[in-house]
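Undergrad: Those letters in the sequence shown? Residues 45 to 273, per our numbering, in order.
We put the CB at the ideal spot given by N, CA and C, even for glycine.
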Amino acid sequence: MNRMHRWLEIAVLAGVPVCMALCAYGGWEQTALFSTGVALFALLPFFVRLERRKPRARDLMPLVVLIVTAVVGRMLFAPFPNIKPLLAIVIVAGLCFGRQSGLLVGTLSVLASNFFFGQGAWTPWQMYACGLMGYIAGGLGKTKLCQSRAAVLCLGALAAYGYGCILNSWFILGFVRPLTLQTALAAYGAGLAFDTAHAAATVVFLGLIWLPWRKKLTRIVQKYGIRTE
Numbered sequence: 045m046n047r048m049h050r051w052l053e054i055a056v057l058a059g060v061p062v063c064m065a066l067c068a069y070g071g072w073e074q075t076a077l078f079s080t081g082v083a084l085f086a087l088l089p090f091f092v093r094l095e096r097r098k099p100r101a102r103d104l105m106p107l108v109v110l111i112v113t114a115v116v117g118r119m120l121f122a123p124f125p126n127i128k129p130l131l132a133i134v135i136v137a138g139l140c141f142g143r144q145s146g147l148l149v150g151t152l153s154v155l156a157s158n159f160f161f162g163q164g165a166w167t168p169w170q171m172y173a174c175g176l177m178g179y180i181a182g183g184l185g186k187t188k189l190c191q192s193r194a195a196v197l198c199l200g201a202l203a204a205y206g207y208g209c210i211l212n213s214w215f216i217l218g219f220v221r222p223l224t225l226q227t228a229l230a231a232y233g234a235g236l237a238f239d240t241a242h243a244a245a246t247v248v249f250l251g252l253i254w255l256p257w258r259k260k261l262t263r264i265v266q267k268y269g270i271r272t273e
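1) Which whole-angstrom value is the C-beta distance of CYS63 and THR262, which I expect to be below 8 Å?
2) Could you tell me the boundaries of the alpha helix (DSSP H) in which VAL220 lies?
3) Touch check for the region 89 to 107 and the region 182 to 191: three-plus C-beta pairs under 8 Å?
4) Leaving out five residues on either side along the sequence, give the residues of the same chain with a beta carbon under 6 Å from the beta carbon of VAL136.
5) What did DSSP end up calling ALA194 once you bin it into helix, strand or coil?
6) With distance defined between alpha-carbon atoms, name the residue in GLN266, LEU176, GLY117 nearest to LEU202.
7) Under DSSP, the alpha helix (DSSP H) around LYS98 begins and ends at which residues?
8) Where in the region 87 to 162 do unbroken runs of the alpha helix (DSSP H), each at least 4 residues long, occur, reported from the N-terminal end onward?
9) Go to ALA231, then tell me how far its alpha helix (DSSP H) extends in each direction, as first and last residue.
10) Considering LEU184, what are the terminal residues of the alpha helix (DSSP H) in which it resides?
11) What's the gap between the Cα of LEU84 and the Cα of ARG93?
12) With a threshold of 8 Å on Cβ separation, who are the neighbours of ALA195 within its own chain once the five nearest residues in sequence on each side are excluded?
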């Protein structure tokens, strides 16, 4: 059953970029609205499954603390565009607590902090992109790929570029007209500097928090028998 759930989760999350590619290829109208609905639909099964799991308070409390920390960190660095610790905290959550937890921390951190930064059509995409990065980190945390500090820092950089690619793709589908290969590449190029700044910031924050936070969070998991998934 767990394996079936895992493949279903992957299929649902992967269905979003597939939908975006079909929208771009078919030249459909209202692609921004349609693809936003798909992104929200992709997140729905995770929250339904969380409700059915009936997690204990001890399982949720560390995640709540991480979400609050990510929200406060994003607000404190508000004057500095793309210099935020949020994605680094989401990656740590995924690596230490698993795929579901990484996605939960990512989506809810964005949703909560956007009450300060502003909600809009971009919010579902930020939730999806950040949650997806947390989910991927949670999957890699079970393997040997992220056992070294250098590998975690590389993951942080790639996650920031992946996050930016998803947001840029949503912008291109919804607002770039005419939509051609040249205009799409120009839009991606225009966002490259911002994505690079985000990647550098994520690597710096991960370098600061990964080792001490991993030690403390691992101890909490073992001491209180917290379920990770």
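TA: In terms of the structure at hand:
1) The residue given as residue 63 occupies position 19 in the sequence shown. The residue given as residue 262 occupies position 218 in the sequence shown. Not confirmed; about 37 Å, so no contact.
2) Taking the first residue of the sequence shown as position 1, residue 220 is located at position 176. VAL220 -> no alpha helix (DSSP H), and no H or E assigned at all.
3) no
4) Your numbering for residue 136 matches position 92 in the sequence shown. Contacts found: TRP257.
5) For the purposes of this step, residue 194 is taken as the residue at position 150 of the sequence shown. In the displayed model, ALA194 falls within a helix according to three-state DSSP.
6) Looking up residue 202 in the sequence shown gives position 158. Nearest C-alpha to LEU202: LEU176.
7) Within the sequence shown, the letter at position 54 stands for residue 98. Note, LYS98: premise wrong, no alpha helix (DSSP H); not H, not E.
8) Given a length threshold of 4 residues, each whole run of the alpha helix (DSSP H) inside the region 87 to 162 is given here in chain order: 101 to 120, 130 to 141, 143 to 161.
9) The count along the sequence shown starts at 1 and reaches residue 231 at position 187. Element bounds for ALA231: 225 to 268.
10) Residue mapping note: residue 184 aligns to position 140 of the sequence shown, counting from 1. Unbroken alpha helix (DSSP H) run through LEU184: 167 to 184.
11) Here residue 84 corresponds to residue number 40 of the sequence shown, with the count starting at 1. Here residue 93 corresponds to residue number 49 of the sequence shown, with the count starting at 1. Cα-Cα distance, rounded: 15 Å.
12) Within the sequence shown, the letter at position 151 stands for residue 195. The residues are LEU189.
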